[in-house]
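Notes follow once the structure below has been shown.
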Amino acid sequence: GAVVSQHPSRVICKSGTSVKIECRSLDFQATTMFWYRQFPKKSLMLMATSNEGSKATYEQGVEKDKFLINHASLTLSTLTVTSAHPEDSSFYICSAKGTEIATNEKLFFGSGTQLSVL
Amino acid sequence: GENVEQHPSTLSVQEGDSAVIKCTYSDSASNYFPWYKQELGKRPQLIIDIRSNVGEKKDQRIAVTLNKTAKHFSLHITETQPEDSAVYFCAASRANFGNEKLTFGTGTRLTIIP
Chain A
11 GAVVSQHPSR VICKSGTSVK IECRSLDFQA TTMFWYRQFP KKSLMLMATS NEGSKATYEQ
71 GVEKDKFLIN HASLTLSTLT VTSAHPEDSS FYICSAKGTE IATNEKLFFG SGTQLSVL
Chain B
7 GENVEQHPST LSVQEGDSAV IKCTYSDSAS NYFPWYKQEL GKRPQLIIDI RSNVGEKKDQ
67 RIAVTLNKTA KHFSLHITET QPEDSAVYFC AASRANFGNE KLTFGTGTRL TIIP
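Those protein sequences? They're chains A and B, same order as listed. Residues in the first sequence are numbered consecutively from 11, following the working numbering. Residues in the second sequence are numbered consecutively from 7, following the working numbering.
Spelled out as structure tokens, the structure:
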């Protein structure tokens with residue numbers, strides 16, 4: 011099946027630093043990638059939708075200058091948490107939807123990144 | 007936008023018994039309803055999905071039913087096993103091969119008691 015690789019799996023950083031999270035589709039081209047945030051014991055909350063080569067669409071309440079999303083190629087999307095603060099600590103997870111029939115109906119998730127801001 | 011409600015939030019069943027998780031959705035245009043299983047700190051895994059043109063789908067011990075009129079769908083797990091213990095999420099979207107987003111339910115923590 012389709013594989014989505016997400017790195018890093020865990021990040022611990024100081025307050026004020028920026029953190030970049032990468033999401034790669036390994037064996038398919040992902041026209042659309044979604045970025046979710048998940049708090050402990052909570053559901054997945056969509057942050058933004060990105061399409062290759064265009065600007066991301068952010069959900070209401072998500073600061074686009076805080077969470078920078080780049081989808082420069084059909085296999086790579088990045089989320090940068092800028093000037094991270096403790097309240098940004100969370101589990102971030104990407105998902106991808108492909109172009110081919112086998113991959114364009116379902117979402118394939120990355121393994122997630124646990125961000126802890128001290 | 008779409009709103010998905012999921013019940014119960016926690017569920018404990020004896021090994022071998024059945025488990026049922028229910029979800030309701032608000033957007034009558036939603037036509038794709040997947041179910042995900044997530045273990046602690048892991049990625050959600052798609053376990054079964056259903057489209058609005060069918061009312062039921064089964065895959066071994068797992069089945070999903072959909073009632074479009076009532077706008078609710080349910081996950082049924084039979085002959086539960088300890089490895090079924092996890093958090094289960096339902097979701098809904100208007101899937102027509104575009105970039106439609108999934109709206110997730112609030113999750114159900116299922117515990118199988120040996």
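In this text, a Cβ means the ideal position worked out from N, Cα and C, and glycines have one as well. Model, not experiment: these values are computed from the prediction.
I need the straight-line Cα distance from residue 24 of chain B to residue 30 of chain B, nearest angstrom please. The residue labelled residue 24 of chain B in the question sits at position 18 within the second sequence. The residue labelled residue 30 of chain B in the question sits at position 24 within the second sequence. Using only the alpha carbons, I get a separation of about 20 Å.
Residue 113 of chain B at chain A interface by Cβ criterion, 9 Å: As a position in the second sequence, residue 113 of chain B is number 107, starting the count at 1. Interface residue, yes.
Only counting the same chain, and skipping five residues up and downstream in sequence, which positions put a Cβ closer than 8 Å to that of residue 60 of chain A? To locate residue 60 of chain A, count along the first sequence from 1; it is residue 50. These residues qualify, in order along the chain: 42, 43, 44, 45, 66, 67, 79, 80, 81, 87.
What does the Cβ neighbour count give for residue 103 of chain B, buried or exposed, with the cut at 16 atoms within 10 Å? Taking the second sequence and counting its residues from 1, the one referred to as residue 103 of chain B is at position 97. Because residue 103 of chain B carries a pLDDT of 49, less than 50, the predicted location of this residue cannot be relied on, and no value is offered for it.
Under a CB-based cut-off of 9 Å, is residue 50 of chain B close to chain A? For the purposes of this step, residue 50 of chain B is taken as residue 44 along the second sequence, with counting starting at 1. Cβ-Cβ to chain A under 9 Å: yes for residue 50 of chain B.
Run through chain A and tell me which residues come within less than 8 Å of residue 107 of chain B, C-beta to C-beta. For the purposes of this step, residue 107 of chain B is taken as the residue at position 101 of the second sequence. Per Cβ cutoff of 8 Å: 44, 56, 59.
What separation, rounded to the nearest whole angstrom, lies between the Cα atoms of residue 27 of chain A and residue 108 of chain B? Here residue 27 of chain A refers to the residue found at position 17 when the first sequence is read from its first residue. Here residue 108 of chain B refers to the residue found at position 102 when the second sequence is read from its first residue. Whole-angstrom Cα-Cα distance: 31 Å.
List the residues of chain A that residue 95 of chain B touches, going by C-beta distances under 9 Å, in chain order. On the second sequence, residue 95 of chain B is found 89 positions in, with the first residue counted as 1. The answer, in chain order, is 53, 54.
In this structure, does DSSP put residue 11 of chain B in helix, strand or coil? Reading the second sequence from its first residue, position 5 is the one you call residue 11 of chain B. Of the three classes helix, strand and coil, the one that applies to residue 11 of chain B here is strand, per DSSP.
At 3 residues or longer, what runs of the beta strand (DSSP E) sit wholly inside the stretch 14–45 of chain B? 16–20, 25–31, 38–44
By alpha-carbon positions, which one of A:95, A:128, A:84 ends up nearest to residue 77 of chain A? The residue labelled residue 77 of chain A in the question sits at position 67 within the first sequence. Selected option, being the one with the closest Cα: A:95.
Skipping 5 residues on each side, what residues in its chain have a beta carbon closer than 6 Å to that of residue 69 of chain B? Start at 1 with the first residue of the second sequence, and residue 69 of chain B comes out as number 63. For residue 69 of chain B, where only same-chain residues beyond five positions count, the Cβ hits under 6 Å are 82.
If you reduce the DSSP assignment to three classes, tell me which class residue 97 of chain A lands in. What you label residue 97 of chain A is simply residue 87 of the first sequence in a count that begins at 1. If DSSP states are grouped into helix, strand and coil, residue 97 of chain A belongs with the helices.
When you compare the CB of residue 23 of chain B with every CB in chain A, is at least one pair closer than 9 Å? For the purposes of this step, residue 23 of chain B is identified with residue 17 of the second sequence, where counting begins at 1. Taking Cβ atoms only, chain A never reaches closer than 9 Å to residue 23 of chain B, which makes this a no.
Given a cut-off of 9 Å, decide if residue 23 of chain A and residue 125 of chain A are closer than it, judged by their beta-carbon atoms. Looking up residue 125 of chain A in the first sequence gives position 115. Looking up residue 23 of chain A in the first sequence gives position 13. Closer than 9 Å, so yes.
Residue environment, residue 15 of chain B, which counts as buried when at least 16 other CB atoms sit within 10 Å: Position 9 of the second sequence, counting from 1, holds the residue named residue 15 of chain B. Exposed, since its Cβ has fewer than 16 Cβ neighbours within 10 Å.
Separation of residue 44 of chain B from residue 67 of chain B, as counted between CA atoms: Along the second sequence, one-based indexing puts residue 67 of chain B at 61. Along the second sequence, one-based indexing puts residue 44 of chain B at 38. Each residue's alpha carbon lies about 17 Å from the other.
With H, G and I counted as helix, E and B as strand and the rest as coil, what does DSSP make of residue 89 of chain B? Start at 1 with the first residue of the second sequence, and residue 89 of chain B comes out as number 83. Here residue 89 of chain B carries a helix assignment [DSSP, helix/strand/coil].
If we call anything under 9 Å between Cβ atoms a contact, is residue 112 of chain B one with residue 30 of chain A? As a first step, residue 112 of chain B is located in the second sequence; it is residue number 106 there, counting from the start. As a first step, residue 30 of chain A is located in the first sequence; it is residue number 20 there, counting from the start. The answer is no: Cβ separation not under 9 Å.
What residues of chain B sit near residue 121 of chain A, judged by a beta carbon separation below 8 Å? Start at 1 with the first residue of the first sequence, and residue 121 of chain A comes out as number 111. Neighbourhood of residue 121 of chain A in chain B, by CB distance below 8 Å: 48, 49, in chain order.
Mind reading off the beta-carbon distance from residue 77 of chain B to residue 32 of chain B? Whole number of angstroms is fine, and I expect it under 8 Å. Counted from its first residue, the second sequence places residue 77 of chain B at position 71. Counted from its first residue, the second sequence places residue 32 of chain B at position 26. Rounded, the Cβ-Cβ distance is 7 Å, consistent with contact.
Starting from the C-beta of residue 32 of chain A, find all residues in its chain whose C-beta is less than 6 Å away, skip the five residues before and the five after it, and write them out in chain order. Here residue 32 of chain A refers to the residue found at position 22 when the first sequence is read from its first residue. Closer than 6 Å at Cβ, skipping near neighbours: 17, 88.
Within the same chain, show all residues whose beta-carbon is closer than 6 Å to that of residue 61 of chain B, passing over the 5 residues directly before and after it, in chain order. Sequence index remark: in the second sequence, residue 61 of chain B carries index 55 (1-based). Taken in chain order, the residues that qualify are 72.
Could you spell out the range, first to last residue, of the beta strand (DSSP E) harbouring residue 51 of chain B? As a working mapping, residue 51 of chain B is identified with position 45 in the second sequence. First-last of the beta strand (DSSP E) with residue 51 of chain B: 51–57.
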